[in-house]
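Each protein sequence line maps, in turn, to chains A and B.
For the first sequence, this note's numbering assigns the number 38 to the initial residue and increments by one for each residue that follows.
For the second sequence, this note's numbering assigns the number 223 to the initial residue and increments by one for each residue that follows.
Where is the CB? At the ideal position from N, CA and C, for every residue including glycine.
Written below as structure tokens is the structure these notes are about.
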Amino acid sequence: MSDKSDLEVIDRVLAGDIEAFSAIIEKYQDRIFRYAYSRVYNYDEALDIAQEVFLMAMEALRSFRREAKFSTWLFSIMVNYCKNYRKKRDRFPLVALTRSEGGEEYEIPIPDDRQTPEDDVITGDTLRIVREELYALPDDYKEILVLRDIEGLAYGDIARILGIHLSNVKVRIHRGRELLKKRLAERGLL
Amino acid sequence: MTREHITFGLLSDLHDEVLNAARKKSLVEHLNGCPACGREFEQLGRMVKMVSCLRLIGIRSRDEFARATLSRAILCDRKRKRQLYYKRVIPSAVAAMVIFLVGIDQFKNGPTGERRSGARIAAGAGSGEVSREIGSAYDMRKTMSILRKNRARVTVVTDGYIEAEAPSRFIDDIQRECDGSFPTGVHGFATAVGYTEGGIQDGLILSSGIMNQRPADQSGTVRFRVLLR
Ligand SMILES: [Zn+2]
Chain A
38 MSDKSDLEVI DRVLAGDIEA FSAIIEKYQD RIFRYAYSRV YNYDEALDIA
88 QEVFLMAMEA LRSFRREAKF STWLFSIMVN YCKNYRKKRD RFPLVALTRS
138 EGGEEYEIPI PDDRQTPEDD VITGDTLRIV REELYALPDD YKEILVLRDI
188 EGLAYGDIAR ILGIHLSNVK VRIHRGRELL KKRLAERGLL
Chain B
223 MTREHITFGL LSDLHDEVLN AARKKSLVEH LNGCPACGRE FEQLGRMVKM
273 VSCLRLIGIR SRDEFARATL SRAILCDRKR KRQLYYKRVI PSAVAAMVIF
323 LVGIDQFKNG PTGERRSGAR IAAGAGSGEV SREIGSAYDM RKTMSILRKN
373 RARVTVVTDG YIEAEAPSRF IDDIQRECDG SFPTGVHGFA TAVGYTEGGI
423 QDGLILSSGI MNQRPADQSG TVRFRVLLR
């Protein structure tokens, strides 16, 4: 679904067809969940966050100015929500306790067709280590690598989403990748 | 080929293709001739590829999540519409209530405010009535009882004065009673023009000096203002 069709859906929602919003949910749910999961490392908590992000977006839909892509606007809500969520959660360490327990329960689904002969074989164990090391990075590096290397967003979009300058996007990507590469090398993956 | 090794930042930019063509060309030339940088670049590519595989992370029951989220969205929308409705309705209801209460107040005391009273008094003065200003040595309650006793009809009450009209034959009594030991005369007030179609125009202009104390027509009505001191 292109941004044009996002806008069509939004028009329908604003005209009162709330059910049309399901197209937006279906399209973006995994991406928002993934980002939330990278921040809280707990499956259920990440699901709750994803749901809240969609509800906030729907509430704020009238304020979407259409100057940027809808996805950029939605991801900005996501990033800010997660930031505030973390702040709030850090004030209530009880919730943080359940986080580390829940983090281990979620196995990354690995379809068989990923392990093609010409590819490097990326096993479940490899992905678990990559995930562990990525999530262990400082927040600034982790969030930008999630947006860039997992979600494949353009530098300009990332700058808008995070509200930082393009040159800062580059620097953070450099440093994040450099640190991750060092850590993955230490784990014997590179 | 440039002699110095390529920085990690430039390798990262090269990987993401965010360099201009000339820069890219010189870096690629270096990579082709430098095994160390070539290896570094290859490792970077492999790492980014591994990280991108984390795209496999997703919601287990997507349909269920979408359904649940949509249901909540619909509920939130209903709640928002209800709140919007109340936001619209409550202020109008409050406004209606205020108008109603003000109406009652005006019915009891007449409309308040200098401009309106001035206009009313001008109309009165225009129909041959005499305007007066009386000083009262008493508080509001006592003054009101004096007015009631003397068949005065109160039209305006403010913190500073009471406006009323009474048969001219009672005016002297009202003044005497209100005065108590207060040794003042009666001050008149002239008024400017009152209403037009567009609303109230000019207000009351208080004139200084003593007015004729004796009502011109004993059978007429005198509109007067009692100043509470
Ligand atoms: Zn080199």
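- Ligand 1 approaches B/H252 closely enough that one of its heavy atoms is under 7 Å from the residue's Cβ.
- Near chain A, meaning a CB-to-CB distance below 8 Å, the residues of the region 224–245 of chain B are F230, G231, S234, D235, D238, V240.
- Close partners of A/M95 in chain B (Cβ separation under 8 Å): A295, C298, D299.
- Pairing B/I228 with B/K303, the inter-Cα distance amounts to about 59 Å.
- The DSSP-derived three-state label of B/R225 is coil.
- One finds I55, E56, F58, S59, I62, F91 in chain A with Cβ atoms closer than 9 Å to the Cβ of B/L292, taken in chain order.
- Contact check for A/Y178 and A/L216: beta-carbon distance about 6 Å, within the 8 Å limit, so the pair qualifies.
- Residue burial is scored here from C-beta neighbours: A/I86 has at least 16 other C-beta atoms within 10 angstroms and is therefore classed as buried.
- Contact with chain A is absent for B/M319, since none of that chain's Cβ atoms lies less than 8 Å from the residue's Cβ.
- Per DSSP, A/I145 lies in no beta strand (DSSP E) and is assigned neither H nor E.
- Restricting attention to alpha helix (DSSP H) runs no shorter than 4 residues, the region 245–331 of chain B encloses them at 257–274, 284–331, ordered along the chain.
- With a cut-off of 7 Å, the C-beta of B/C275 is classified as distant from ligand 1, since no heavy atom of the ligand falls inside that distance.
- With a cut-off of 8 Å on Cβ pairs, the region 54–67 of chain A is in contact with the region 280–297 of chain B, counting three or more such pairs.
- In the DSSP assignment, A/T109 falls within the unbroken alpha helix (DSSP H) covering 107–128.
- For B/H237, the shortest separation between its Cβ and any heavy atom of ligand 1 does not lie below 7 Å.
- A/L199 places its beta carbon less than 8 Å from that of A/V116.
- Contact annotation for B/R284 against chain A: E63, Q66, D67 [CB-CB distance below 8 Å, chain order].
- In the DSSP annotation of this structure, A/R224 is not part of any beta strand (DSSP E), being labelled neither H nor E.
- Annotation for B/T443: no alpha helix (DSSP H) segment contains it, though the beta strand (DSSP E) segment containing it runs 443–450.
- Within chain A, the C-beta atoms nearer than 8 Å to that of B/A288 come from S59, I62, E63, Q66, in chain order.
- Around the CB of B/H252, 16 or more other CB atoms lie within 10 Å, so the residue is classed as buried.
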